[in-house]
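Residue numbers (this note's numbering): 39 to 186. Please read the structure below before turning to the comments.
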């Protein structure tokens, strides 16, 4: 028989998974699932705390939270798998490829060009998988201003 704490823990997890699914889609669900045989508690915390408690807060819109997340993961470096998840999430919550690449470019000012490059190459991979290359507004994009 489960106690009240187990019920609350399960409810927090289920709510967090709903938020995670709405933002990250299948990619986020796979991250939580991949922890089941090594650290189910970490998977629980990702869903219940990171998404159920933090991402669900109404003070920032999901697209703004993703911009913050992209900047932080870029600045940290070494977070390319997480960047892949969150670049997909950024697209899912309405950021455009142009906005994402601009955020990654802007990060170079504060955390350096190598980290910005690494993040941009992750974005290129995600955009390629989603058929979003070339990015509009770039020299390679279809709506780039032409030099005469």
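The beta carbon of each residue, even a glycine, is placed where N, CA and C say it ideally should be. The structure presented is a predicted model; accordingly, all values stated were derived computationally and were not measured.
Asked: Need the endpoints of the alpha helix (DSSP H) that residue 149 sits in, please.; Found: 135-149
Asked: What span of residues does the alpha helix (DSSP H) with residue 59 cover, start to end?; Found: 42-72
Asked: On the premise that residue 123 lies in contact with residue 66, defined as a C-beta separation below 8 angstroms, what is that separation, rounded to the nearest angstrom?; Found: 6 angstroms
Asked: Skipping 5 residues on each side, what residues in its chain have a beta carbon closer than 6 angstroms to that of residue 94?; Found: 57
Asked: For residue 81, collect the residues of the same chain with a Cβ closer than 7 angstroms to its Cβ; drop the 5 residues on either side in sequence, then sort them by chain order.; Found: 70, 73 and 74
Asked: Which value, in whole angstroms, describes the spacing of the CA atoms of residue 149 and residue 45?; Found: 43 angstroms
Asked: Which two residues bound the contiguous alpha helix (DSSP H) that contains residue 100?; Found: 100-114
Asked: Express the C-alpha separation of residue 176 and residue 79 in angstroms, rounding to a whole number.; Found: 43 angstroms
Asked: Decide if the stretch 83-90 is in contact with the stretch 109-126; the criterion is three or more beta carbon pairs, one per stretch, under 8 angstroms apart.; Found: no
Asked: Between the alpha carbons of residue 87 and residue 141, how many angstroms are there, rounded?; Found: 26 angstroms
Asked: So, under 8 angstroms CB-CB, residue 53 and residue 90 are touching, yes? Tell me the CB distance rounded to an integer number of Å.; Found: 5 angstroms
Asked: Spatial neighbours of residue 113 within its chain, please: CB distance less than 7 angstroms, with the 5 preceding and 5 following residues excluded, ordered by chain position.; Found: 145, 148, 149 and 153
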